[in-house]
């Protein structure tokens, strides 16, 4: 990949997401300048929220590192992996590690809020999980009733994916969580 040739991953009302290379380092760029004029404020807030979440999650394996946010573009580290819907993880270890990753997020006061989308879960080459796309994450850090409710929904979405790809590994407690919306 040439430094001048970004690879487009997604474009929508909130801007453009691309793989770029700078100084030989591959990264993801969320370009808010490409947002529709009527969605610019929402796009800016979403990128700022993602920057806050990634700052609070710094150092957690399986979460991209924030490389920069200047109000126009957000840069985060690239995590190689396949989206869940392509990789279709069937091993118990993936879900055990995904639960641990989710617990680390919640301990830092972050709720992802978009884990129903399989593309937000990556399966890395070593089979371990990673999470991306923190633009609608809860970043307030307070662990009140709403935080607990949203954190439980994060867990339920992960368990729904586990039910899809590795149902035999669901524990009785996990099945009970799935049966109680």
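Numbering (the working numbering), first residue to last: 221 to 401. All residues carry an ideal CB built from backbone N, CA and C; glycine is no exception. As the structure is a computational prediction, the values presented were derived from the model and not from experiment.
Whole angstroms is fine: what's the gap from residue 374's alpha carbon to residue 330's? On the chain shown, residue 374 is found 154 positions in, with the first residue counted as 1. On the chain shown, residue 330 is found 110 positions in, with the first residue counted as 1. Their backbone Cα atoms lie some 10 Å apart in a straight line.
According to DSSP, is residue 429 part of a helix, a strand, or is it coil? This structure leaves residue 429 out entirely; the chain is present only between 221 and 401.
Residue range of the alpha helix (DSSP H) that residue 313 falls in? Within the chain shown, residue 313 is the residue found at index 93, counting from 1. Here the alpha helix (DSSP H) through residue 313 covers 312 to 327.
Starting from residue 358, trace the alpha helix (DSSP H) both ways and give me its first and last residue. Here residue 358 refers to the residue found at position 138 of the chain shown. Where residue 358 is concerned, there is no enclosing alpha helix (DSSP H), given that its DSSP letter is neither H nor E.
Opposite residue 289 in the DSSP bridges: which residues? Taking the first residue of the chain shown as position 1, residue 289 is located at position 69. Residue 289 is bridged to 294.
Would you check if the stretch 363 to 374 and the stretch 256 to 271 touch, i.e. whether three or more CB-CB distances between them fall below 8 Å? no
Which ranges does the beta strand (DSSP E) cover as unbroken runs of at least 3 residues, wholly within the stretch 333 to 399, from first to last along the chain? 341 to 343, 349 to 351
What are the residues that DSSP puts in a beta bridge with residue 235? Taking the chain shown and counting its residues from 1, the one referred to as residue 235 is at position 15. Its beta-bridge partners are 232.
Decide if the stretch 262 to 280 is in contact with the stretch 368 to 385; the criterion is three or more beta carbon pairs, one per stretch, under 8 Å apart. no
Local Cβ density within 10 Å of residue 230, reported as buried at 16 or more and exposed below that: Counting from one through the chain shown, the residue named residue 230 turns up at place 10. Exposed, by the Cβ-count rule.
Would you mind stating whether residue 405 and residue 284 have Cβ atoms separated by less than 8 Å? Nothing about residue 405 can be reported from this structure: the residues present for the chain run from 221 to 401 only.
Using the Cα positions of residue 356 and residue 273, report the straight-line distance between them to the nearest angstrom. As a working mapping, residue 356 is identified with position 136 in the chain shown. As a working mapping, residue 273 is identified with position 53 in the chain shown. So the alpha carbons of these two residues sit roughly 9 Å apart.
Inter-residue spacing [alpha-carbon to alpha-carbon] between residue 326 and residue 358: Here residue 326 corresponds to residue number 106 of the chain shown, with the count starting at 1. Here residue 358 corresponds to residue number 138 of the chain shown, with the count starting at 1. Each residue's Cα considered, the two are about 10 Å apart.
Helix or strand or just coil, what does DSSP make of residue 252? Taking the first residue of the chain shown as position 1, residue 252 is located at position 32. If DSSP states are grouped into helix, strand and coil, residue 252 belongs with the helices.
My guess is that residue 255 and residue 270 are in contact by the Cβ rule of under 8 Å, so how many angstroms apart are they, rounded? As a first step, residue 255 is located in the chain shown; it is residue number 35 there, counting from the start. As a first step, residue 270 is located in the chain shown; it is residue number 50 there, counting from the start. No, residue 255 and residue 270 are not in contact; Cβ-Cβ is about 14 Å, not under 8 Å.
Note the first and the last residue of the continuous alpha helix (DSSP H) segment covering residue 269. For this step, residue 269 is matched to residue 49 along the chain shown. First-last of the alpha helix (DSSP H) with residue 269: 260 to 276.
Please identify the residue among 267, 275, 286, 297 whose C-alpha is closest to the C-alpha of residue 245. Numbered from 1 along the chain shown, position 25 holds the residue referred to as residue 245. When only C-alpha atoms are compared, the closest one is 297.
Buried or exposed, going by whether 16 or more other CB atoms sit within 10 Å of the CB of residue 401? The residue you call residue 401 lines up with position 181 of the chain shown. Classification for residue 401: exposed.
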